[in-house]
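I have placed the structure first, in the form of structure tokens, so that the comments after it can refer back to it.
Protein chains in written order, with our numbering: chain A, 1 to 112; chain B, 113 to 224.
Listed below in structure tokens is the structure:
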């Protein structure tokens, strides 16, 4: 059973701080990873994707991938109250698969 | 931008009714997916389709069926609605299994 594990939280950080969200995955065949943000009552929205080991930056967001450790993370710099949401990590299910495997999400609260 | 449109945001039906949820995507994506999302359980895959008229069971197909007669449209059918099918239903589409999935706004379905 392929799994993506996330700490459910809630993770609370003060406004302006760095929020660090973590994810581990079980399938060594997974190559592509995605971070989604989901506000309460809304659908998931893609915010970052990463395919290669290392860091990928987009504005205040940085995704990090370490395939040897099977670990993916999302850093949010200068956290804002509007970043308060549940963040879902997802990975592809290996060559020839059509699906993504989603974690259950980490709830982030940014305290003003 | 990818647009995935679900036919209803909110729907209320009675136990035993046959319920149709419709989803349309405008990006010529090959793959389409139906999920349900319940508190604490994360996203659970009901069915997916990788081509017209092709369908595959996901993790929780019991009580559901799907139809994909055209590439852009994927329908979820609750054959005989039951109260335990009250949930948020999310449709998604993607190019390939290692590409991000794009979600519709969701349908919050209540079965009374």
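The beta carbon of each residue, even a glycine, is placed where N, CA and C say it ideally should be.
This structure is a prediction, so every number in the text was calculated from the model and none was measured.
Short CB-CB distance (under 8 Å) between residue i and chain B
i	result
residue 93 (chain A)	yes
residue 104 (chain A)	yes
residue 100 (chain A)	yes
residue 109 (chain A)	no
residue 97 (chain A)	yes
Reduced DSSP category for residue i - H, G, I as helix; E, B as strand; rest coil
i	result
residue 195 (chain B)	helix
residue 81 (chain A)	helix
residue 13 (chain A)	strand
residue 28 (chain A)	coil
residue 7 (chain A)	coil
residue 114 (chain B)	coil
residue 80 (chain B)	The structure shown does not extend to residue 80 (chain B), since chain B is modelled only from 113 to 224, so the question has no answer here.
residue 18 (chain A)	coil
residue 217 (chain B)	coil
residue 134 (chain B)	strand
residue 109 (chain A)	strand
residue 222 (chain B)	strand
residue 147 (chain B)	strand
residue 2 (chain A)	coil
residue 36 (chain A)	strand
residue 153 (chain B)	coil
Residue-chain proximity (residue i, chain A), Cβ-Cβ < 8 Å
i	result
residue 186 (chain B)	no
residue 141 (chain B)	no
residue 154 (chain B)	yes
residue 202 (chain B)	yes
residue 157 (chain B)	yes
residue 160 (chain B)	yes
Beta carbon proximity, residue i to chain D, threshold 8 Å
i	result
residue 11 (chain A)	Although the question refers to chain D, the structure presented lacks it and instead comprises the protein chains A and B.
Going along the region 206-221 of chain B in order, which residues come within less than 9 Å of chain A, judged by CB to CB distance? Within the region 206-221 of chain B, the qualifying residues are 206, 208, 209, 210, 211, 212, 213, 214, 215, 216, 217, 218 and 220.
At a CB distance below 8 Å, what residues from the region 22-35 of chain A approach chain B? Give them in sequence order. 31, 32 and 34
Contact between the region 118-125 of chain B and the region 167-179 of chain B: three or more CB pairs below 8 Å? Between the region 118-125 of chain B and the region 167-179 of chain B there are fewer than three C-beta pairs closer than 8 Å, too few to call the two in contact.
Which residues, taken in chain order from the region 33-53 of chain A, show a beta carbon closer than 7 Å to some beta carbon of chain B? 34, 43, 44, 46 and 49
Please list, in chain order, the residues of the region 71-85 of chain A that have any C-beta partner in chain B closer than 7 Å. none
Any contact of the region 27-40 of chain A with the region 11-19 of chain A, i.e. 3+ C-beta pairs under 8 Å? no
What residues in the region 163-193 of chain B bring their beta carbon closer than 9 Å to a beta carbon of chain A? 168 and 170
Minimum length 4: unbroken alpha helix (DSSP H) runs contained in the region 44-96 of chain A: none
Please confirm if the region 65-73 of chain A is in contact with the region 141-157 of chain B, defined as three or more CB-CB distances below 8 Å between the two stretches. no
Every unbroken beta strand (DSSP E) inside the region 157-210 of chain B [3 residues or more]: 166-169, 176-182, 185-190 and 199-206
Count the CB pairs spanning the region 192-203 of chain B and the region 80-100 of chain A that are closer than 8 Å, and state whether there are at least three. no
Pair every Cβ in the region 35-47 of chain A with every Cβ in the region 88-108 of chain A, then say whether three or more of these pairs are closer than 8 Å. yes
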